[in-house]
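Peer 1:
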Amino acid sequence: MAEPREDVDELLAKHAQDIELLRAELVDVIGGVSEYDDIFLLRFVLTHKDRGGLGAQADAVRKTVKFRTDNREALAEVVRTGKPPNHDVFIKFQAAGYVGDLGGLEPVHVIRGGHCNAKGLMHTLSHEQVVDWLLYLKEIYFNMCDERTRKTRKMVKSITIMDMDNYSIFDGEPRFFKALGESSKLSAVYYPQLLGKTVILNAPSYMRALMSTVSVFLPKSTLNKIAFCPASKAALYTRKDAKDIKCPFIQKMAGDVGCTNLPDFLGGRGETPENLKPRLMSGHVKINVGSRSCKEINLDVPVAGLHALWEVTVEDFGIDMSAQLLPSDGSEALQLMAVQKIRAENGLTSGDWILPTCGQLQVRFDNSYSLLRSKNIEYRISVSPSQT
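So this is what it looks like as structure tokens:
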């Protein structure tokens with residue numbers, strides 16, 4: 189059977205006196221505002237009842253009301269579009285997103301840590317922009333949970349699944365952990381009772397040691413909701429029936445309903461969303477250019493008038509990049525891009541070229557000037573009909 193969800197009406201009755209005391213304390217802030225009703229206040233009562241009581245509850249509500257008032261338009265836009273600020277850039281470096289729900293209730297957010305590029309993300313967006321993306325994402329899940337809570341009269345909370353398959357300890361990025369920690373502390377204030385559980389799947393042996401490092405940045409309320417799934421990768425992924433969930437935490441929540449709407453890599457029968465596919469499946473290529481060497485990428489251009497779109501990130505330092513088109517008729521090469529230094533600190537660098545004739549597109553990454561350092565590069569180049 190599924191893990192029982194708390195009954196909202198029972199909770200409202202049980203904590204009615206605390207809710208009224210809190211409302212009286214906040215009459216100058218929430219008086220006459222319909223969105224700040226008893227269910228809204230209940231979340232703060234439950235979170236702070238044994239951790240600061242009325243004073244902590246009132247302080248958190250005041251901060252939340254100010255946040256929602258100061259950012260009302262931005263929050264409404266996030267809910268309308270389903271995208272936090274700078275989403276289209278952020279998601280270029282992440283394999284993460286909403287994948288479905290458990291039994292029609294708890295929304296599930298998945299992060300595939302081994303397929304993210306945190307360093308490239310932090311080179312491209314500022315600390316503040318990353319904090320905002322992570323924080324505003326909570327608004328989307330808060331609205332989903334709040335709507336389902338009111339409809340079912342059960343306290344619905346979100347589930348986060350961290351899939352650490354293919355993750356390397358060298359993928360850790362302190363700047364991202366700092367942004368994550370800051371957003372987590374803010375969301376603990378603004379979105380109480382939102383996170384039900386964070387389940388870590390396919391954790392490598394060193395993961396617990398890594399968590400002790402990350403825990404410095406995370407609030408205690410978040411740490412208490414983290415659980416490691418004991419199921420092995422094979423047991424988790426290989427099954428005949430999608431209801432045969434080997435992760436006990438997901439199984440407990442799903443009960444007899446199962447998770448057939450979850451993607452196949454989590455044991456469901458759904459297709460993996462595009463934003464959760466490994467980056468290398470989305471056309472991204474990782475290469476290492478050794479010191480005092482260069483690498484050339486050659487792509488066929490079958491007809492004239494095509495369009496090439498490109499994106500490049502460098503892990504550290506920088507590398508020289510250039511491009512030319514070699515016409516199939518043997519005529520002189522056409523320069524598309526003079527030598528340009530692609531620097532790590534500039535984050536994602538992108539551009540496009542018009543390809544006026546058929547032939548071969550040749551992109552060159554030159555590290556010949558570097559005597560000792562090799563360079564790690566991730567790039568994506570697509571050739572397609574021109575968008576006019």
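Numbering-wise, the sequence shown is residues 189 to 576 according to my numbering. Where a beta carbon is used, it is the ideal one built from N, C-alpha and C, also for glycine. All of these numbers come straight from a predicted model, not from anything done at the bench.
Which value, in whole angstroms, describes the spacing of the CA atoms of ARG341 and ASP197?
Peer 2: Those two C-alpha atoms are separated by around 7 Å.
Peer 1: Measure the beta-carbon distance from HIS172 to LEU230 and round it to whole angstroms, keeping in mind my assumption that it falls under 8 Å.
Peer 2: No answer is possible for residue 172: the residues shown for the chain start at 189 and end at 576.
Peer 1: Figure out for me which residue from LYS474, PRO490, ASN331, LEU497 has the closest Cα to the Cα of GLU223.
Peer 2: Nearest of LYS474, PRO490, ASN331, LEU497 to GLU223, Cα basis: ASN331.
Peer 1: Based on the DSSP secondary-structure assignment, which residues constitute the bridge partners of ASP258?
Peer 2: DSSP lists no partner for ASP258.
Peer 1: Considering only C-alpha positions, which residue in the set TRP498, ASN534, LEU524, ARG336 is nearest to PRO544?
Peer 2: Nearest of TRP498, ASN534, LEU524, ARG336 to PRO544, Cα basis: LEU524.
Peer 1: Given 8 Å as the limit, is there contact between the segment 333 to 352 and the segment 379 to 391, that is, 3 or more CB pairs closer than that?
Peer 2: Yes: at least three Cβ pairs fall under 8 Å.
Peer 1: Among the candidates VAL387, TRP498, CYS417, whose CA atom is the shortest distance from the CA of VAL298?
Peer 2: Closest option to VAL298, Cα to Cα, is VAL387.
Peer 1: Rounded to a whole number of angstroms, what is the C-alpha to C-alpha distance between LEU489 and GLY539?
Peer 2: For the sequence presented, residue 489 should be read as Val rather than Leu. So the two alpha carbons sit approximately 17 Å from each other.
Peer 1: Measuring alpha carbon to alpha carbon, tell me which of SER519, CYS304, ASP238, ALA264 ends up nearest SER356.
Peer 2: When each option's Cα is compared against that of SER356, the closest is CYS304.
Peer 1: Let me know if GLY301 comes out buried or exposed under the rule of 16 or more other beta-carbons within 10 Å of its beta-carbon.
Peer 2: It is buried - the Cβ of GLY301 has at least 16 other Cβ atoms within 10 Å.
Peer 1: Leaving out five residues before and five after VAL267 in sequence, what residues of the same chain have Cβ atoms less than 6 Å from its Cβ?
Peer 2: ASN331, listed in sequence order.
Peer 1: CA-CA distance, ILE207 and LEU322?
Peer 2: The alpha-carbon atoms of ILE207 and LEU322 are separated by roughly 29 Å.
Peer 1: Please state whether the Cβ-Cβ distance between ASN354 and ASN476 is less than 8 Å.
Peer 2: Going by C-beta atoms, ASN354 is not nearer than 8 Å to ASN476.
Peer 1: Nearest-angstrom Cα distance between SER510 and GLU533?
Peer 2: Roughly 19 Å between the two C-alpha positions.
Peer 1: How many angstroms separate the CA atom of SER570 from the CA atom of LEU214?
Peer 2: Roughly 56 Å separates the two Cα atoms.
Peer 1: Please go through the segment 304 to 392 and give each complete alpha helix (DSSP H) segment of 4 or more residues, from N-terminal end onward.
Peer 2: Correct list: 306 to 312, 315 to 340, 362 to 378.
Peer 1: Which residue spans inside the segment 271 to 298 form an unbroken beta strand (DSSP E) run of at least 3?
Peer 2: If we require 3 residues or more, the beta strand (DSSP E) runs fully inside the segment 271 to 298 come out as 284 to 290.
Peer 1: Compute the beta-carbon to beta-carbon distance between LEU464 and GLY285, rounded to the nearest angstrom, for a pair I have assumed lies under 8 Å.
Peer 2: Contact holds; Cβ gap of about 6 Å.
Peer 1: So the candidates are ALA248, GLN317, PHE232, GLY471; which of them puts its Cα closest to the Cα of PHE364?
Peer 2: Selected option, being the one with the closest Cα: GLN317.
Peer 1: Assign GLU194 to one of three DSSP states: helix, strand, or coil.
Peer 2: Residue state, collapsed to three classes: coil.
Peer 1: Out of ALA306, ASP508, GLU520, point me to the one whose CA is closest to GLU361's CA.
Peer 2: Ranking ALA306, ASP508, GLU520 by Cα distance to GLU361 puts ALA306 first.
Peer 1: Just confirm the distance between the C-beta atoms of ARG260 and VAL217, as a whole number of angstroms; I'd bet it's less than 8 Å.
Peer 2: That belief does not hold up - the Cβ atoms of ARG260 and VAL217 are roughly 15 Å apart, past 8 Å.
Peer 1: Just reading off the beta strand (DSSP E) that ALA496 is part of, what are its end residues?
Peer 2: Residues 494 to 502.
Peer 1: Under the assumption that ARG568 contacts GLY471 (Cβ atoms under 8 Å), give the Cβ distance between them as a whole number of angstroms.
Peer 2: Correct: roughly 5 Å between the Cβ atoms.
Peer 1: Buried or exposed: which applies to ALA283, given that a residue is buried once 16 or more other Cβ atoms fall within 10 Å of its Cβ?
Peer 2: Buried, since its Cβ has 16 or more Cβ neighbours within 10 Å.
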